[in-house]
Amino acid sequence: MRWSAVYELFKVNMYDAYAQHLSNTRKKNVKKTTDKYIPVMKNVWFSQLITIIASLFLAFLMATQAGQLKGYPGLYSNFMVVMALFMFVSIAQSFSNLVLDANDREEYFPLPFTQQEIFTSKLLSMVMVIIPFQIAIWATMVFLGDNLIYGLLVGFLLSTIFILFISALLLLILNFLFKIPFVQQHRKAVMIGFYAVGGIAWFALYMRLILWNSRHIGMGVVVPDMPTLPISVSFYHVLVTPQAIGHWLVILAVLAFTIASLIYVSGHFGQNLNQESGNQENSVVKTAEIGTGRDINHLLFKYNFKQIKDPSLAGQILLNEVLVVVIGSFSLVPIARQERLFADMTWEYFGLFLIIGFFLPMIMQVYLSFSRVIISVDKENYNFMASLPITRKDYLLNKFKTGFLIDFVIAIFLVVILMAIMLVPPLLILVSILGVILGVAFVAFVNLKGDYRDLKLDWSNLEDLMFRHGKLGMVIKQIVVILGLFLLILAISLSYLAPVAPLVLSSLYGFAIILFMGIFYFLSVRPFWNKL
Numbered sequence: 001m002r003w004s005a006v007y008e009l010f011k012v013n014m015y016d017a018y019a020q021h022l023s024n025t026r027k028k029n030v031k032k033t034t035d036k037y038i039p040v041m042k043n044v045w046f047s048q049l050i051t052i053i054a055s056l057f058l059a060f061l062m063a064t065q066a067g068q069l070k071g072y073p074g075l076y077s078n079f080m081v082v083m084a085l086f087m088f089v090s091i092a093q094s095f096s097n098l099v100l101d102a103n104d105r106e107e108y109f110p111l112p113f114t115q116q117e118i119f120t121s122k123l124l125s126m127v128m129v130i131i132p133f134q135i136a137i138w139a140t141m142v143f144l145g146d147n148l149i150y151g152l153l154v155g156f157l158l159s160t161i162f163i164l165f166i167s168a169l170l171l172l173i174l175n176f177l178f179k180i181p182f183v184q185q186h187r188k189a190v191m192i193g194f195y196a197v198g199g200i201a202w203f204a205l206y207m208r209l210i211l212w213n214s215r216h217i218g219m220g221v222v223v224p225d226m227p228t229l230p231i232s233v234s235f236y237h238v239l240v241t242p243q244a245i246g247h248w249l250v251i252l253a254v255l256a257f258t259i260a261s262l263i264y265v266s267g268h269f270g271q272n273l274n275q276e277s278g279n280q281e282n283s284v285v286k287t288a289e290i291g292t293g294r295d296i297n298h299l300l301f302k303y304n305f306k307q308i309k310d311p312s313l314a315g316q317i318l319l320n321e322v323l324v325v326v327i328g329s330f331s332l333v334p335i336a337r338q339e340r341l342f343a344d345m346t347w348e349y350f351g352l353f354l355i356i357g358f359f360l361p362m363i364m365q366v367y368l369s370f371s372r373v374i375i376s377v378d379k380e381n382y383n384f385m386a387s388l389p390i391t392r393k394d395y396l397l398n399k400f401k402t403g404f405l406i407d408f409v410i411a412i413f414l415v416v417i418l419m420a421i422m423l424v425p426p427l428l429i430l431v432s433i434l435g436v437i438l439g440v441a442f443v444a445f446v447n448l449k450g451d452y453r454d455l456k457l458d459w460s461n462l463e464d465l466m467f468r469h470g471k472l473g474m475v476i477k478q479i480v481v482i483l484g485l486f487l488l489i490l491a492i493s494l495s496y497l498a499p500v501a502p503l504v505l506s507s508l509y510g511f512a513i514i515l516f517m518g519i520f521y522f523l524s525v526r527p528f529w530n531k532l
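Position 174 of the sequence shown, counted from 1, bears residue number 174 in the UniProt record's numbering, the numbering being contiguous throughout.
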C-alpha cells in the first residue's frame, strides 16, 4: 500500500466533506482578486481546528464531573457504553457518506489505486469525525487517572484504542451485513433501521444514567454504583489501578481484535458494495406509474417518503433532533423529577403545556428537519414535476403535508417520552400534544417556504443544504433556538411566581398562541399559497 497515494485520496475526501466551506472561500476570493492561490488544505485544517476547539469545551464540561466517578466503575462503564452508542450512529453516518452512498466509486476504477488504498483514505477521513469524541473521552480519563501524568499518557492511549475499537466493530458488522442479499437489495431501509435502533438504545441508556443519579440527589445518601458492563469497565480499572493485570489483558485483546478487524475489512469492503451498484435505482417518478385511475397526489405522497429514505440524510436529521432534546433536558430532567416540578400540576396549568408543546418543535426542528429539505431532495426530479398534471400549489401542498407528518411523528415521540420521564400528568401530556401540532405546523411551513425560496438542487451532502442560507441564516436560527428556550423558561417561571391564578395565566397563554397563529396565517401563510 502506497501512503503517498492514500494521502492524495484523503485530500480528495476532505475536499468533498468541506465542499460548501471551500465554495464560500472561493466566492470571497473572487471578490478580492481573480488570480490568487487558495490554500485548500489549510482551510480544511482550520475548519477541523474549530471543531476540535468546540469538542474541548465539551470535554471540559465532562471532565469536571469525571473526578466524581472515582469509586464508581459501574457508572463509568455505563458512561463509556453511552458514548460508544453515540459514536456508533455518528460513525455509521460518516461511513455511509464516504463509502456506501459515495458517487465516486466508478470514477476510481480507471485510476491506479487499489481497493485497500481507497478504503484506508476514507478511514482516515472518518478519523476527522472521531477526533472530537476521542478528546472528550480522553478528558474524563485524565481526571480518573492514578496521577496527572499517568492520566494524560495512558488516557490518550486508552481513548484512542476505544474509539478505534468502536469503529472496527461497526465496520465489521456492516461488512457482514452487506453480504446478505436482502440487505443489499434494501440497503437504505436497513441503514435507517440501524440508525433507529442505535439511536433508541443510546437515548434509553443515556436517560437511565441520568435518572440513576437523580433518584439519590439531595436525599442525603451515597449514590449507589450501577452494575458494571464488560470490556468498558476494564478501561476504568486500568486508569484507577495501574497494577490491574487482568484488565490490561482485556485492553490488549481489544487492541488485537481492532487491528485484525481493520485489516480484514480493508481487504473485503469493496467486494460487497460493487454488487450493489447495479441494484440501486434512481428514484425518479415515472410517467408510466401515473395511470388515469390512480390519484396523483397519493403517488406523490408515496414518492416524497421514498425520497427522504436516504440513510445518511435521515440519520443526521434524526440525530440532530434527538441531540437537541437530550442536551436541552440534561439539567432539567433530574431537577423536574427530584423537585416534582410538574408531577402535582392540575388541568388548570393547561396553558403552560400548550406553550411547552408549541415551542419544543421550534427548538428541535428550526435548525434541521425533514420539512427543511423536503423540496431540495427532489434534485433533478424537481424540473420533471412541471410536466405532470399537477399544479405547483398542489405539489408544494403535498410536500408540506409530508414534511409536517414526519416532523410531527418525531416531535410527538420525543416530547411524550420527555414528559413521561419528568412525571407530567397524562392529561397535561395530551394538552402538550395539541401544542406540538401547532408548533410543528408553524415550523414545517417556515421550513418549506425557506426551502422553496432558497432551492438548491445540486447539493452533494447535508452541509450544502444546511449552510445554503449563509452565516446570517445560521445565526438567525440559533437566535430562534435561544429565544425559544428563554420563553419556555419564562413561561415555567411565571407559572410559579406570577401573582395570578393558574387558570387565568393559562387562558392568557392560550390566547397568545391563538393570536400569534392567526397573525402568522394572514400575513404569511395565506399570501404564500395565494401567489402560487
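Even glycine gets a Cβ: it sits at the ideal position worked out from N, Cα and C.
Source: prediction; values computed, not measured.
Sequence-distant Cβ neighbours of Ile163 in its own chain, meaning closer than 8 Å and more than five residues away, are Met87, Ile130, Phe133, Gln134, Ile137. Lys393 sits exposed, since fewer than 16 C-beta atoms from the chains shown fall within 10 Å of its C-beta.
About 4 Å separates the CB atoms of Gly357 and Ser432; that is less than 8 Å, so the two are in contact.
Assigned with DSSP and collapsed to three states, Phe384 falls in helix. Its Cα nearest to that of Val446, the residue Lys477 stands out among Lys477, Ala336, Leu418, Phe119.
Only residues of its own chain outside the window of five on either side were considered, and among them Trp202, Leu205, Tyr206, Leu209 have a CB closer than 7 Å to the CB of Val82, listed in chain order.
The C-alpha of Ala336 lies about 7 Å from the C-alpha of Phe342. By the Cβ test, the segment 414 to 434 is in contact with the segment 344 to 360, since at least three Cβ pairs between them sit closer than 8 Å. Per DSSP, the continuous alpha helix (DSSP H) segment holding Met80 begins and ends at 73 to 95. Met362 is a Cβ neighbour of Val443, given a cutoff of 8 Å. DSSP places Arg392 inside the alpha helix (DSSP H), whose first and last residues are 392 to 421. Taking 8 Å as the cut-off, the beta carbon of Asp451 is found closer than this to the beta carbon of Ile374. With a threshold of 16 other beta carbon atoms within 10 Å, Thr140 meets it and is buried.
Lys179 sits exposed, since fewer than 16 C-beta atoms from the chains shown fall within 10 Å of its C-beta. Scanning Leu438, Asp146, Ile245, Ala92 for the CA closest to the CA of Leu177 turns up Ala92. Under the Cβ criterion (8 Å, minimum of three pairs), the segment 153 to 167 counts as touching the segment 252 to 260. Two segments are said to touch when three or more pairs of C-beta atoms, one from each, lie closer than 8 Å; by this definition the segment 5 to 13 touches the segment 114 to 126. Fewer than three beta-carbon pairs drawn from the segment 379 to 389 and the segment 511 to 529 are found closer than 8 Å, and the two stretches are therefore not classed as touching. Distance from the CA atom of Gly151 to the CA atom of Pro242, rounded to whole angstroms, is 10 Å. When secondary structure is reduced to three states using DSSP, Arg2 falls in the coil class, being assigned neither helix nor strand. Look at Ala444 here: in three-state DSSP terms it is helix. Distances from the alpha-carbon of Ser90 to those of Phe194, Phe79, Phe156 put Phe194 closest. The C-beta distance from Val240 to Ile251 rounds to 14 Å, too long to fall under 8 Å, and the pair is not in contact. Rounded to whole angstroms, the Cβ separation of Thr402 and Phe301 is 6 Å, and the two are in contact under 8 Å. Remark: C-beta atoms of Leu396 and Leu532 approach each other more closely than 8 Å. Comparing alpha carbon positions, the residue from Phe413, Leu465, Val416 closest to Lys379 is Leu465. Your pair Asp225 and Pro73 checks out as a contact, with CB atoms roughly 7 Å apart and the cut at 8 Å. Judged by their CB atoms, Glu117 and Val6 are nearer to each other than the 8 Å cut-off.
In terms of Cβ geometry, Leu85 and Gly198 form a close pair [threshold 8 Å]. DSSP, read as helix, strand or coil, puts Ala501 in coil. By a beta-carbon distance limit of 8 Å, Met80 contacts Ser232. Their separation comes to about 4 Å. By the neighbour-count criterion, in which a residue is buried when 16 or more other Cβ atoms sit within 10 angstroms of its Cβ, Arg2 is exposed. Take the alpha-carbon of Asp454 and the one of Ser371: they are about 13 Å apart. Beyond the five residues adjoining it in sequence on each side, Ser77 comes within less than 7 Å, by CB distance, of Thr228, Leu229, Ser232, Val233, Tyr236 in the same chain, given in chain order. Taking a 10 Å sphere around the C-beta of Ser495, we find 16 or more other C-beta atoms and assign the residue as buried. When rounded, the separation of the alpha-carbon atoms in Leu423 and Val416 is 11 Å.
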